[in-house]
Amino acid sequence: MHIEKAFSIHWKNLNKNTVVHGDFTHFNILVDINEKINFIDDKSHVNSRLFDFFYFYSYLEQCLERCQTITKVDKSIILNKLEELIIKVCSYNSQTSFNNDCSTIKFPESWGLRNENKQLYLERFKERILIRIN
């Protein structure tokens, strides 16, 4: 519930501004005692409005790959739920609109993901989301 609320708030903000958080991960979304969502540790830069959701997904996927205490089945369930949430919050009802946002993603020089080919992260993300968009 909190992740969906945080995503919704962030998506609304991104649709008003071209500056992204830049380090949007599960570690940088805080919920205070009054249930208010706070975003911390941003590395703001101009990018696609989809960048932060791509980064969140890729970062969590990387964390899950390293995790020894969550089963493969549960890891898959987590990623599937996250894919559905991204599509819902970002209102992607066509592959074209999703592809258009993906095509404007720019890779920052430094980021918190492993230093493999940055394009591979985007290709995996696109592939997983596109199969879910009707």
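Just so it is clear: in the sequence shown, position 41 is 1039 by this note's numbering, and no numbers are missing.
From the three backbone atoms N, C-alpha and C, an ideal C-beta is built for every residue, glycine too.
| query | result |
| --- | --- |
| Nearest candidate by alpha-carbon position, reference N1032, set H1024, H1000, K1041 | H1000 |
| Own chain, CB closer than 6 Å to Y1053, minus 5 neighbours either side, in chain order | F1022 |
| Host beta strand (DSSP E) of N1036 (start-end) | 1035-1037 |
| Buried versus exposed, by CB contacts within 10 Å (16 or more), R1064 | exposed |
| Straight-line Cα distance separating S1042 from V1017 | 6 Å |
| Closest by C-alpha distance to F1051, when choosing among H1008, T1067, N1078, Q1066 | H1008 |
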